[in-house]
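Please read the structure below before turning to the comments.
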Amino acid sequence: MSAAVWSWVAAAVSIAGLWVGGINPRAGWIYGIGSQGVWAAYGLVTDQPGMIALSAAFVILYSRNLWRWRGTHFKPVAQAERGETP
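Take the position in the sequence shown, starting the count at 1, then add 40; the result is the number in this note's numbering.
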């Protein structure tokens, strides 16, 4: 696969992750951890060690967010405004 195709695939995976994170932050962080494999592969294929390091940093930050927000129950704003529970 060419570097251009890798970059488009990685971008699409990241955009999907932002969409998932907007629906459920916890699921978004988990998805983000998994998606870093695509970015690390892109860094390897294109010989960009900085991209690999960035992917590692993102995994650390996503993991930290998961840990810090454990036990939090996220619910849509409309539900929260009505006082509904998940």
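Glycine is no exception: its CB is placed at the ideal position from the N, C-alpha and C atoms.
Fair warning: this is a prediction, and the values are worked out from it, not measured in the lab.
Cβ-based burial, residue i [other Cβ within 10 Å; buried from 16]
i	result
A50	buried
R97	The question names Arg, yet the displayed sequence has Ala at residue 97. Exposed, since its Cβ has fewer than 16 Cβ neighbours within 10 Å.
A80	buried
G57	buried
S95	buried
G72	buried
Contact under 8 Å by Cβ, residue i with residue j
i	j	result
G82	W46	Checking the sequence shown, residue 82 turns out to be Tyr, not Gly. Contact flag set, yes.
Secondary structure of residue i, DSSP reduced to three states
i	result
Q76	helix
R66	helix
G90	helix
R104	helix
Alpha carbon of residue i to alpha carbon of residue j, nearest angstrom
i	j	result
L101	G77	15 Å
Q66	G74	Note that residue 66 corresponds to Arg in the displayed sequence, not to Gln. Cα to Cα, the separation comes out at about 13 Å.
G111	G68	16 Å
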